[in-house]
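Trainee:
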Amino acid sequence: MSVEIAALSGDALVAALPDLARLRIAVFRDFPYLYDGSLEYEQSYLKSYHDNSKAVLVAAIDAGTIVGAATGMPLADHGDAGQLHGLAQPIEHVFYCAESVLLPEYRGQGIGHAFFDKREAFARQLGFKTSAFCGVIRAADHPMRPADYRPLDSFWHKRGYAPLPGVLARFTWTDVGDAAQTTKDLQFWSRAL
Numbered sequence: 001m002s003v004e005i006a007a008l009s010g011d012a013l014v015a016a017l018p019d020l021a022r023l024r025i026a027v028f029r030d031f032p033y034l035y036d037g038s039l040e041y042e043q044s045y046l047k048s049y050h051d052n053s054k055a056v057l058v059a060a061i062d063a064g065t066i067v068g069a070a071t072g073m074p075l076a077d078h079g080d081a082g083q084l085h086g087l088a089q090p091i092e093h094v095f096y097c098a099e100s101v102l103l104p105e106y107r108g109q110g111i112g113h114a115f116f117d118k119r120e121a122f123a124r125q126l127g128f129k130t131s132a133f134c135g136v137i138r139a140a141d142h143p144m145r146p147a148d149y150r151p152l153d154s155f156w157h158k159r160g161y162a163p164l165p166g167v168l169a170r171f172t173w174t175d176v177g178d179a180a181q182t183t184k185d186l187q188f189w190s191r192a193l
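Residue numbers (UniProt numbering): 1 to 193.
1. Find out if the Cβ-Cβ distance for the pair A60, Y106 is shorter than 8 angstroms.
2. Taking the alpha-carbon of A63 as reference, which of G135, F188 and I5 has the nearest alpha-carbon?
3. Kindly indicate which residue of P90, L193, H78 and Y33 has the alpha-carbon position closest to the one of K129.
4. What is the C-beta distance between S100 and F122, in whole angstroms, given that I count them as a contact (C-beta under 8 angstroms)?
5. Would you say P143 reaches chain B, if we count a Cβ-Cβ gap shorter than 8 angstroms as a contact?
6. Cβ of L103 within 8 angstroms of Cβ of T71?
7. Between the C-alpha atoms of P32 and G177, what's the straight-line distance to the nearest angstrom?
8. How big is the Cα-Cα spacing for G68 and L23?
9. May I have the straight-line CA-CA distance separating G86 from A169, to the nearest angstrom?
10. Please list, in chain order, all residues of the same chain as S9 whose beta carbon is under 6 angstroms from its beta carbon, the five residues on each side excluded.
11. DSSP on Q181, reduced to helix/strand/coil?
12. With distance defined between alpha-carbon atoms, name the residue in D30, A15 and Q83 nearest to H142.
13. What would DSSP say about F95, mapped onto helix, strand or coil?
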């Protein structure tokens, strides 16, 4: 496969948001997120990327189709900032790598590293010294955990990220198969740039 990796901003980023919404719904439906998403919610959630010159969307493009995407922006600009609890440093000093979604058939080819490389380079250009993201916490014995599931912790550690003890984000969404939303804790990970 020949996949192009492109960092998009401005109008190109906005044009890619429908693809990002589609990918978020598809990829986050799997464990560990189990997100039963909707386009209506996605349109609302992704509004913070419109008209934000400090936002980036890194797209993985195969034959003209976006097959993966990763986003980033200053944490202070992101709607997720209000869900974060326990962070010692000011949010204005943190570049937030929000989602990173890639269709399964494209995994294991180095695209995840390229997503981080491009976002971290963008953050450095803006003068940020810290990069961070959140990952959902699920019980090891969760009934929907696939037998072959491998957490991404080792990948994140290799990238230089470490979990910040006690620093969590709390989000509410409906899990696949559930009738109502429930609150989930997400671990905050960070690294110096």
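C-beta atoms are modelled at their ideal positions from N, C-alpha and C, and glycine is treated no differently.
The structure displayed is predicted, hence computed values, not measured ones.
Mentor: By the coordinates alone:
1. Locating residue 60 in the sequence shown gives position 60, counting from the first residue. Locating residue 106 in the sequence shown gives position 106, counting from the first residue. Taking the C-beta atoms as reference points, Y106 is found nearer than 8 angstroms to A60.
2. If you number the sequence shown from 1, residue 63 lands on position 63. It is I5 whose Cα lies nearest to the Cα of A63.
3. By 1-based counting over the sequence shown, the position of residue 129 is 129. The shortest Cα separation from K129 among P90, L193, H78 and Y33 belongs to L193.
4. As a working note, residue 100 is residue 100 in the sequence shown. As a working note, residue 122 is residue 122 in the sequence shown. Beta-carbon to beta-carbon, S100 and F122 are separated by about 14 angstroms, too far to satisfy the 8 angstroms threshold.
5. Reference to chain B is not applicable here, since this structure consists of a single protein chain.
6. If you number the sequence shown from 1, residue 103 lands on position 103. If you number the sequence shown from 1, residue 71 lands on position 71. No.
7. Residue mapping note: residue 32 aligns to position 32 of the sequence shown, counting from 1. Residue mapping note: residue 177 aligns to position 177 of the sequence shown, counting from 1. Those two C-alpha atoms are separated by around 14 angstroms.
8. Indexing the sequence shown from 1 puts residue 68 at position 68. Indexing the sequence shown from 1 puts residue 23 at position 23. If I take the Cα positions, the gap works out to 7 angstroms.
9. Mapped onto the sequence shown, residue 86 falls at position 86. Mapped onto the sequence shown, residue 169 falls at position 169. Near 9 angstroms, if we compare the C-alpha coordinates of A169 and G86.
10. Against the sequence shown, residue 9 aligns to sequence position 9. Correct list, in chain order: V56.
11. Along the sequence shown, read from residue 1 onward, the residue named residue 181 stands at position 181. DSSP places Q181 in strand when its eight states are reduced to three.
12. For the purposes of this step, residue 142 is identified with residue 142 of the sequence shown, where counting begins at 1. The candidate whose alpha carbon is nearest that of H142 is D30.
13. For this step, residue 95 is matched to residue 95 along the sequence shown. It is a strand residue.
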